[in-house]
Amino acid sequence: MRCILIFLLFVVSCKGEPISNHKTSNENISQKENGIGDTINISMGNLKLVLYGLPKDDFTYEIKKDTLYLIKKGDIGIDNLQLQILSGINTKELTGEIDYGAYQYLLDDMMPSRLNFTHRESVQIPMVLEKYDLSKVIKGLEELQNLYQKEYFGQLRKESHRFQKTFYIKEVLDKKEEYQDCCPEYIQKAKDFQLKKEDDFKTLSDLVIEPTYNKVILNLGNKKFLVFNNYLDNIWD
3 MRCILIFLLF VVSCKGEPIS NHKTSNENIS QKENGIGDTI NISMGNLKLV LYGLPKDDFT
63 YEIKKDTLYL IKKGDIGIDN LQLQILSGIN TKELTGEIDY GAYQYLLDDM MPSRLNFTHR
123 ESVQIPMVLE KYDLSKVIKG LEELQNLYQK EYFGQLRKES HRFQKTFYIK EVLDKKEEYQ
183 DCCPEYIQKA KDFQLKKEDD FKTLSDLVIE PTYNKVILNL GNKKFLVFNN YLDNIWD
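So for the sequence shown, this note's numbering puts the first residue at 3; every next one is plus one.
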């Protein structure tokens with residue numbers, strides 16, 4: 003997931019809204035009467051499973067060898083994913099890993115870029131009423147923000163400052179003739195940023211960084227896996 007409330011205070015200048023990837027991201031999805039969305043049946047050899055909470059209009063999937071890849075068509079994440087395993091394995095919990103990352107916001111109407119940063123956590127999803135519920139283990143936005151500010155702020159500030167400085171030089175100031183008529187404020191924003199030092203930024207809000215999760219890998223047993231990449235396409239690399 004694109005609006006995230008906690009970031010409205012510092013993304014006011016951005017016309018493009020942040021992607022909604024967290025526990026409230028699917029509030030606008032039409033749900034069935036049981037509240038868990040569409041049903042997708044998957045067969046991987048003797049492994050039979052059912053996926054709930056993924057609207058069919060927003061997701062597709064591919065099976066390559068023994069790996070199930072969930073592929074999103076839009077901006078929806080898999081926060082509401084529930085799995086029910088009908089046959090193939092019998093376990094009271096699923097294990098896996100979640101890679102968390104961060105997106106950098108830059109200019110109006112420009113999608114954010116993924117920073118070179120990863121925080122990885124192992125997860126165990128217990129079975130409740132015959133289903134495994136990812137929302138029970140995936141971190142929400144506020145939790146990630148607190149974690150990043152406490153444990154990773156120095157690393158993120160360094161990467162964000164380097165990334166933004168390079169962007170504003172190469173993509174704005176070196177091409178300012180492209181913005182002089184339509185968006186002179188972009189040129190001024192780039193000039194203003196060049197005057198700032200890394201230590202001038204004290205919070206994630208100052209840096210206009212959005213925590214998110216990048217990738218989910220769940221172990222389905224017998225060397226079978228579910229993989230979901232929650233990546234945005236960067237306009238600028």
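Positions of the beta carbon are idealized from the N, C-alpha and C atoms, including for glycine.
- [ ] Can you check DSSP and say which residues form a bridge with F203?
- [x] Position 201 of the sequence shown, counted from the start, is the residue given in the question as residue 203. None, per the DSSP bridge assignment.
Open item on the list: Between the stretch 97-104 and the stretch 125-134, can you find at least three pairs of beta-carbon atoms closer than 8 Å?
Closed with: yes
Task: Distance CB(Q182)-CB(K133) smaller than 8 Å - done: Your numbering for residue 182 matches position 180 in the sequence shown. Your numbering for residue 133 matches position 131 in the sequence shown. No. Outside cutoff.
Open item on the list: Between which two residues does the beta strand (DSSP E) holding P128 run?
Closed with: Residue numbering aside, residue 128 sits at position 126 when the sequence shown is read from its first letter. Residues H121 to V130.
Task: Cβ pair count under 8 Å reaching 3, the stretch 216-230 against the stretch 47-59 - done: yes
Open item on the list: On a Cα-Cα basis, can you pick out the residue from D110, Q157, L108 and T93 that is closest to F119?
Closed with: Walking along the sequence shown from the start, residue 119 turns up at place 117. The option with the nearest alpha carbon to F119 is Q157.
Task: Cα-Cα separation between L222 and A104, rounded to whole angstroms - done: As a first step, residue 222 must be located in the sequence shown, where it is residue number 220. As a first step, residue 104 must be located in the sequence shown, where it is residue number 102. Their Cα atoms are separated by approximately 27 Å.
Open item on the list: Taking the straight line between their C-alpha atoms, what separation do you get for P213 and K204?
Closed with: To locate residue 213, count along the sequence shown from 1; it is residue 211. To locate residue 204, count along the sequence shown from 1; it is residue 202. Taking the straight line from one Cα to the other gives about 16 Å.
Open item on the list: Taking only three categories from DSSP, how would you classify P57?
Closed with: What you label residue 57 is simply residue 55 of the sequence shown in a count that begins at 1. In this structure, P57 counts as coil in the three-state DSSP scheme.
- [ ] Run the CB neighbour count on E35, radius 10 Å, all protein chains shown included, and call it buried at 16 or more, exposed below.
- [x] In the sequence shown, counting from the first residue as 1, residue 35 sits at position 33. Bear in mind that a pLDDT of 32 at E35, under 50, signals an unreliable position, so the number given afterwards is only what the model happens to contain. So E35 counts as exposed.
Open item on the list: Under 8 Å: do the stretch 78-85 and the stretch 134-143 share three or more Cβ pairs, one atom per stretch?
Closed with: yes
- [ ] Look up V229 in the DSSP assignment and say whether it is helix, strand or coil.
- [x] What you label residue 229 is simply residue 227 of the sequence shown in a count that begins at 1. If DSSP states are grouped into helix, strand and coil, V229 belongs with the strands.
Task: 3-residue-minimum beta strand (DSSP E) runs that sit fully inside the stretch 139-176, ordered along the chain - done: none
TODO: Let me know if R122 comes out buried or exposed under the rule of 16 or more other beta-carbons within 10 Å of its beta-carbon.
DONE: Within the sequence shown, numbered from 1, the residue matching residue 122 stands at position 120. Looking at its Cβ environment, which holds fewer than 16 other Cβ atoms inside 10 Å, R122 is exposed.
Task: Which residues DSSP lists as bridging P213, in chain order - done: Position 211 of the sequence shown, counting from 1, holds the residue named residue 213. Paired residues: A104.
Open item on the list: Taking DSSP's pairing of strands, which residues face T93 in a bridge?
Closed with: On the sequence shown, position 91 is the one that residue 93 refers to. DSSP output for T93 lists no bridge partner at all.
Task: Limits of the unbroken beta strand (DSSP E) element including I44 - done: Locating residue 44 in the sequence shown gives position 42, where the first residue counts as 1. Unbroken beta strand (DSSP E) run through I44: T41 to M46.
- [ ] Would you check if the stretch 190-205 and the stretch 157-174 touch, i.e. whether three or more CB-CB distances between them fall below 8 Å?
- [x] yes
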